[in-house]
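Report on one structure; see the data block that follows.
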Amino acid sequence: MLRAEGLHAGYGRMTVFRDVTLEVAPGEIVLVLGPNGAGKSTLLKALSGLLPPQRGTLSLGGEDVTGLGAEKLSRRGVRHVLEGHRVFPELTVQENLRLGQLARPRGRRLPDGEVVDMAARTFPILGDKRAQLARSLSGGQQQMLALVQAWAARPDYLLCDEPSLGLAQSLVPDILRFFRDRAGEGMGVLLVEQLVDQPLTIADRVVVLRQGRIVAEGPAADFTDRAALAELMLGQVSA
Ligand SMILES: Nc1ncnc2c1ncn2[C@@H]1O[C@H](COP(=O)(O)OP(=O)(O)OP(=O)(O)O)[C@@H](O)[C@H]1O
Ligand SMILES: [Mg+2]
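For the sequence shown, my numbering begins at 29 and goes up steadily by one.
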């Protein structure tokens with residue numbers, strides 16, 4: 029279980045989100061929704077150790093990991109895929125995947141060929157383009173590469189910031205299937221999105237963040253009323 033309790037974080041003296049308590053269990057997909065500026069990316073950064081908490085605690089498998097920092101948390105199995113499909117543009121697909129492996133303890137790394145095969149099985153286009161430079165890939169293909177690169181480190185928890193942002197609509201189901209499959213293997217997934225419809229179909233639970241506070245949470249099935257969800261996200265008063 030990755031768990032935040034009463035967590036506050038922000039930048040310098042500014043607090044962006046307050047009093048967030050949430051958990052992600054192994055095999056579970058938690059979807060964080062919220063409008064621009066709600067603090068979603070900041071929350072992910074705090075959960076992966078990129079930002080130190082100002083208050084509250086973070087625990088992993090029952091152990092207190094508050095303030096541990098991103099590198100140590102990553103070694104303990106928490107991986108954060110930042111917004112904007114960050115890959116190394118001047119390296120090939122294959123080389124990018126090899127870098128993903130470096131986060132694994134020595135001796136537990138997969139042979140390079142196996143990682144590429146894993147990528148090709150998951151997103152066949154990556155197999156076809158294994159020898160090409162990452163910068164020659166489309167935005168959607170780069171997102172796929174960033175996801176497989178993170179997965180190659182075999183994390184227990186994957187935190188992903190707006191993976192469908194800016195992608196061709198036709199690629200979104202492939203990206204979402206990736207998360208569903210990983211959760212099926214036991215990985216805990218925390219997904220931040222602004223799109224609502226498609227991510228809701230794979231989520232187990234939803235957390236709605238507005239102005240740095242959780243304003244609603246529950247099973248995904250409770251969020252099927254789109255008008256009510258929009259109201260929650262935007263804070264409009266119903267007529
Ligand atoms: N590096 C930073 N330094 C200072 N303030 C920041 C920084 N990053 C974000 N902020 C501020 O924190 C607040 C929350 O931003 P955040 O990026 O977490 O929101 P978000 O919900 O991810 O928004 P979006 O949907 O646009 O991605 C905003 O007011 C933003 O201006
Ligand atoms: Mg964001």
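Each residue gets a CB set at the ideal place from its N, CA and C atoms; glycine is no exception. Since this is a predicted model, take the numbers as computed values, not measurements.
Check: Starting from Asp-209, trace the alpha helix (DSSP H) in both directions and tell me its first and last residue.; Outcome: 200-212
Check: Confirm the yes/no value for this check: CB of Ser-69, any heavy atom of ligand 2, distance under 7 Å.; Outcome: yes
Check: Please determine whether the Cβ atom of Gln-222 lies at a distance below 7 Å from any heavy atom of ligand 1.; Outcome: yes
Check: Taking just the CA atoms, how far does Pro-81 sit from Glu-259?; Outcome: 29 Å
Check: Check whether the Cβ atoms of Arg-163 and Pro-117 sit closer than 8 Å, and answer yes or no.; Outcome: yes
Check: Between Thr-49 and Glu-33, how many whole angstroms is the CB-CB distance? I'm expecting something under 8 Å.; Outcome: 5 Å
Check: If you scan the region 130-211 from start to end, which runs of the alpha helix (DSSP H) of 4 or more residues do you find wholly inside it?; Outcome: 140-150, 152-156 and 167-180
Check: Taking only runs of the beta strand (DSSP E) that begin and end inside the region 49-120, which ones reach a length of at least 3 residues, in chain order?; Outcome: 57-61, 83-88 and 106-109
Check: How about Val-217 and Ala-211: do their beta carbons lie closer than 8 Å?; Outcome: yes
Check: Determine the closest residue to Arg-149 out of Leu-186, Arg-205 and Arg-103, with distance taken between C-alpha atoms.; Outcome: Arg-205
Check: Should Ser-192 be labelled buried (16 or more other beta-carbon atoms within 10 Å of its own) or exposed?; Outcome: buried
Check: Is the beta carbon of Ala-174 sitting closer than 8 Å to the one on Val-106?; Outcome: no
Check: For Gln-197, count the other beta carbons within 10 Å of its own beta carbon; 16 or more makes it buried, fewer makes it exposed. Which is it?; Outcome: exposed
Check: Does the beta-carbon of Ser-266 have 16 or more other beta-carbons within 10 angstroms, so that it is buried, or is it exposed?; Outcome: Confidence at Ser-266 is low in this model, with a pLDDT of 48, below 50, so its placement is unreliable and no value can be given for it.
Check: Is Met-261 a contact residue of ligand 1, with contact defined as CB to any heavy atom under 7 Å?; Outcome: no
Check: Tell me which same chain residues have a C-beta within less than 7 Å of the C-beta of Arg-182, skipping the five on either side of it?; Outcome: Arg-132
Check: How is Leu-223 classed by DSSP in three states: helix, strand or coil?; Outcome: coil
Check: If Leu-26 and Leu-75 are in contact, beta carbons under 8 Å, what's the gap, nearest whole angstrom?; Outcome: This structure gives no information on residue 26, because the portion of the chain shown stretches from 29 to 267.
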